[in-house]
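Numbering (the UniProt record's numbering), first residue to last: 1 to 724. The beta carbon of each residue, even a glycine, is placed where N, CA and C say it ideally should be. Only a predicted model underlies this, so the values are computations on that prediction, with no experimental measurement involved.
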Amino acid sequence: MLSKTSQAEEGCSECPHLSGVHSGKGGLEEEPPEDKEANECLWIRPDAPSRCSWQLGSLIADSPHHHAPSTKAPKILPDILQNIGDTPMVKINKIRKKFGLKCELLAKCEFFNPGGSVKDRIAVRMIEDAERAGILKPGDTIIEPTSGNTGIGLALAAAVKGYRCIIVMPEKMSMEKVDVLRALGAKIVRTPTNARFDSPESHVGVAWRLKNDIPNSHILDQYRNASNPLAHYDTTAEEILQQCDGKVDMLVISAGTGGTITGIGRKLKEKCPGCRIVGVDPVGSILAEPEELNQTEQTAYEVEGIGYDFVPTVLDRKVVDKWFKSNDEESFTFARMLISQEGLLCGGSSGSAMAGAVKAAQELQEGQRCVVILPDSVRNYMSKFLSDKWMLQKGFLKEEDVPTKKPWWWHLRVQELSLQAPLTVLPTVTCEHTMEILHEKGFDQAPVVDESGVILGMVTLGNMLSSLLAGKIRPSDEVRKIIYKQFQQIVLTDTLGKLSHILEVDHFALVVHEQIQCVYREGRHPSSSLRCPEAPALTALQPWSLQPTPNMDIAIQHPWFKRALGPFYPSRLFDQFFGEGLFEYDLLPFLSSTISPYYRQSLFRTVLDSGISEVRSDRDKFVIFLDVKHFSPEDLTVKVQEDFVEIHGKHNERQDDHGYISREFHRRYRLPSNVDQTALSCSVSADGMLTFSGPKIPSGMDAGHSERAIPVSREEKPGSAPSS
Numbered sequence: 001m002l003s004k005t006s007q008a009e010e011g012c013s014e015c016p017h018l019s020g021v022h023s024g025k026g027g028l029e030e031e032p033p034e035d036k037e038a039n040e041c042l043w044i045r046p047d048a049p050s051r052c053s054w055q056l057g058s059l060i061a062d063s064p065h066h067h068a069p070s071t072k073a074p075k076i077l078p079d080i081l082q083n084i085g086d087t088p089m090v091k092i093n094k095i096r097k098k099f100g101l102k103c104e105l106l107a108k109c110e111f112f113n114p115g116g117s118v119k120d121r122i123a124v125r126m127i128e129d130a131e132r133a134g135i136l137k138p139g140d141t142i143i144e145p146t147s148g149n150t151g152i153g154l155a156l157a158a159a160v161k162g163y164r165c166i167i168v169m170p171e172k173m174s175m176e177k178v179d180v181l182r183a184l185g186a187k188i189v190r191t192p193t194n195a196r197f198d199s200p201e202s203h204v205g206v207a208w209r210l211k212n213d214i215p216n217s218h219i220l221d222q223y224r225n226a227s228n229p230l231a232h233y234d235t236t237a238e239e240i241l242q243q244c245d246g247k248v249d250m251l252v253i254s255a256g257t258g259g260t261i262t263g264i265g266r267k268l269k270e271k272c273p274g275c276r277i278v279g280v281d282p283v284g285s286i287l288a289e290p291e292e293l294n295q296t297e298q299t300a301y302e303v304e305g306i307g308y309d310f311v312p313t314v315l316d317r318k319v320v321d322k323w324f325k326s327n328d329e330e331s332f333t334f335a336r337m338l339i340s341q342e343g344l345l346c347g348g349s350s351g352s353a354m355a356g357a358v359k360a361a362q363e364l365q366e367g368q369r370c371v372v373i374l375p376d377s378v379r380n381y382m383s384k385f386l387s388d389k390w391m392l393q394k395g396f397l398k399e400e401d402v403p404t405k406k407p408w409w410w411h412l413r414v415q416e417l418s419l420q421a422p423l424t425v426l427p428t429v430t431c432e433h434t435m436e437i438l439h440e441k442g443f444d445q446a447p448v449v450d451e452s453g454v455i456l457g458m459v460t461l462g463n464m465l466s467s468l469l470a471g472k473i474r475p476s477d478e479v480r481k482i483i484y485k486q487f488q489q490i491v492l493t494d495t496l497g498k499l500s501h502i503l504e505v506d507h508f509a510l511v512v513h514e515q516i517q518c519v520y521r522e523g524r525h526p527s528s529s530l531r532c533p534e535a536p537a538l539t540a541l542q543p544w545s546l547q548p549t550p551n552m553d554i555a556i557q558h559p560w561f562k563r564a565l566g567p568f569y570p571s572r573l574f575d576q577f578f579g580e581g582l583f584e585y586d587l588l589p590f591l592s593s594t595i596s597p598y599y600r601q602s603l604f605r606t607v608l609d610s611g612i613s614e615v616r617s618d619r620d621k622f623v624i625f626l627d628v629k630h631f632s633p634e635d636l637t638v639k640v641q642e643d644f645v646e647i648h649g650k651h652n653e654r655q656d657d658h659g660y661i662s663r664e665f666h667r668r669y670r671l672p673s674n675v676d677q678t679a680l681s682c683s684v685s686a687d688g689m690l691t692f693s694g695p696k697i698p699s700g701m702d703a704g705h706s707e708r709a710i711p712v713s714r715e716e717k718p719g720s721a722p723s724s
């Protein structure tokens, strides 16, 4: 967790109008105090309790803040920042009629701001207040943790005013936002979407770490900065009152930092005492009150720019009369409705606000007026909810809602494909061992799943190899450093049409049903080494085991539903441990002809040799198929001990194309309790397939447990292991 700092007392005054701690120098609080604790990031919590003393009836003359009256814009603007604000108020006609609302429904179109969102207002206000207080100086760097819109507003103002700008935002946010920020000259840092706000990996934590490292840098901090709600108290609210001739009966706003609903809500409470303030909060966020509204197992949501896992300092929830929760489907449905029926090119959080408005406004009568704030533009979401394919992929749109000609297989279920469970790896497994497993099993990718069964992402062989060559990772690094965290999940009852939509955008999908997890077992068996007189020893594959976990993840690789799947192991019947098997291959075959044999041996060879083909346990028989093509029957030892069978292979040094190599492997399997151990047999076919088998006996009969060696015979015909 990030280290906590106390609120800076010196130079702070209580703001009688707005939330947040206000410094006598401007909208920013003082720097966090020095902290002697090593390796901890100095920061100020974005959810610190507000010390604001605003009350209805407070005089603006008593406010410690700067309040600039709005002025009429000149015909020719000195710069684009002067065009921020004065956004249009538009009647909502078709949606009002569709939902049977009696009141007048109006939309304040904040996406008409130059940067495309309501956040342009607070960006300029925070910068100008910091300049006025002497905090920001020419050449300084502005750093801000944001979901994107505040970042765009700050980058826009920084481009005009000449500041450097670094924006830190979660990976969930759209690439359109990233592209706009880059075009404005900002540097972008992405952080994990699922990181808690007080985690060092969160957008807040990373921003503070950057601020502590970069000289002359400032976090304007929209979560705590009083300039955030002040911008709306002084301008947005005044515009609404002017456009509505002072008559507003209800205001509906979707809440993010809470600055918009706090600033406008307080002003309207002062000017229109009977106005009801309604907040809209996405399911998975905790901003709404009472707390019972926030009770859900869902923590993630697709809509951007609203909702948080903490309550920002600037959000005054006392000003909100009622909260509504919105889900992704209704948010995007209403956003698309605003576009298609009202011609308003707004974003997903605008849909959230409108979804809340049609519920809240049911209580209003004819002659009353409801104003809805539409925060941002559709520009930032062209590849998301504006796309039918994206909506279908996420399950927010039904197939019948998109009338196009479909191929014959479109409505078939995923479960009709011949699928099997793949191997998964823990995030703590090293990159080296992950590559060894992928090569042994013939995969080029695998899901990464934690011990609780949560899917963290995918790891691909190609990405690991390129990152190793580029020096971005080391073989000993944990695989969590290189996983793809953006992936789609489907269930067996989903259609191939939905899967097709996913594969048009992504390279793979995960079918969630039941999984087999690959778990690292420390010290189960000592690892062996590849010995070569010209090359350093390479560590062999460490012991692994296969264990059942609640869900199955099946990787389906694009194109043509090519399956990147391994053999199915009925792990409820046995445990399997991978030992020190060795096999040789060129890590980068296309480089083999361009490098010397020495480096080919030392850099491009790894260590695994025998591989499981399949273990089958049916009603009458238990069979193990094991690929031992480098070993003769004389090299193999098969021993039964209690309810385990151990297969060991070792041969003396033999010369091959690369020199002298000693191969050795060890495998251990748990035998089902009903296998007749007196009738076990083992043989090796001409093509190197070992077959170990034993018949099953009826329940209640003695299986004849014993400790003995099983002779290995030779068969001259090829093996018959299943092709899976």
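Start-to-end residues for the alpha helix (DSSP H) that takes in residue i
| i | result |
| --- | --- |
| Val-204 | 203 to 213 |
| Ser-331 | 328 to 342 |
| Cys-109 | That residue, Cys-109, is in no alpha helix (DSSP H); its beta strand (DSSP E) goes 104 to 109. |
| Gln-393 | 388 to 394 |
| Ile-277 | Not the alpha helix (DSSP H): Ile-277 falls in the beta strand (DSSP E), residues 276 to 282. |
| Thr-262 | 259 to 271 |
| Lys-98 | 94 to 98 |
| Ile-122 | 119 to 132 |
Per-residue burial, residue i [other beta carbons within 10 Å of its own, 16 or more giving buried]
| i | result |
| --- | --- |
| Pro-312 | buried |
| Arg-96 | buried |
| Glu-29 | Confidence is the limiting factor: at Glu-29 the pLDDT is only 48, short of 50, which leaves the residue's position unreliable, though a coordinate-based value still follows. Buried. |
| Met-175 | exposed |
| Arg-714 | exposed |
| Glu-436 | buried |
| Pro-49 | exposed |
| Trp-43 | buried |
| Ser-326 | buried |
| His-433 | buried |
| Val-491 | exposed |
| Asp-444 | exposed |
| Gly-57 | exposed |
Backbone CA spacing between residue i and residue j [nearest angstrom]
| i | j | result |
| --- | --- | --- |
| Ser-117 | Asp-376 | 4 Å |
| Arg-506 | Gly-457 | Residue identity differs from the one stated: residue 506 is Asp in this sequence, not Arg. Roughly 13 Å separates the two Cα atoms. |
| Ser-350 | Gly-305 | 10 Å |
| Glu-171 | Asn-194 | 9 Å |
| Asn-93 | Ala-357 | 14 Å |
| Phe-644 | Val-425 | 25 Å |
| residue 729 | Ile-455 | As displayed, the chain neither begins before 1 nor continues past 724, which places residue 729 out of reach and without an answer. |
| Ile-286 | Lys-481 | 30 Å |
| Val-314 | Pro-78 | 31 Å |
Element boundaries [beta strand (DSSP E), containing residue i]
| i | result |
| --- | --- |
| Glu-144 | 141 to 145 |
| Val-168 | 164 to 170 |
| Ile-219 | 217 to 219 |
| Ala-357 | It is not in any beta strand (DSSP E) - Ala-357 instead sits in the alpha helix (DSSP H) that spans 348 to 360. |
| Arg-190 | 187 to 191 |
| Thr-460 | 455 to 460 |
| Lys-639 | 636 to 641 |
Bridge partner(s) assigned by DSSP for residue i
| i | result |
| --- | --- |
| Leu-469 | Its beta-bridge partners do not exist; DSSP assigns none. |
| Gln-365 | According to DSSP, which records beta bridges pairwise, Gln-365 is partnered with nothing at all. |
| Ser-683 | Thr-691, Ser-713 |
| Ser-617 | Phe-622 |
| His-433 | Paired residue(s): none; His-433 is not in a bridge. |
Under the three-state DSSP convention, the category residue i falls into
| i | result |
| --- | --- |
| Met-250 | strand |
| Thr-691 | strand |
| Pro-229 | helix |
| residue 738 | Here the chain comprises residues numbered 1 to 724, so residue 738 is not present and cannot be evaluated. |
| Cys-244 | coil |
| Pro-78 | coil |
| Val-319 | helix |
| Leu-426 | coil |
| Tyr-223 | coil |
| Thr-71 | coil |
| Ser-285 | strand |
Closer than 7 Å: residue i CB and nearest the ligand FMN heavy atom
| i | result |
| --- | --- |
| Leu-461 | Absence of the ligand FMN from the depicted structure is noted, as is the absence of any ligand whatsoever, leaving it without description. |
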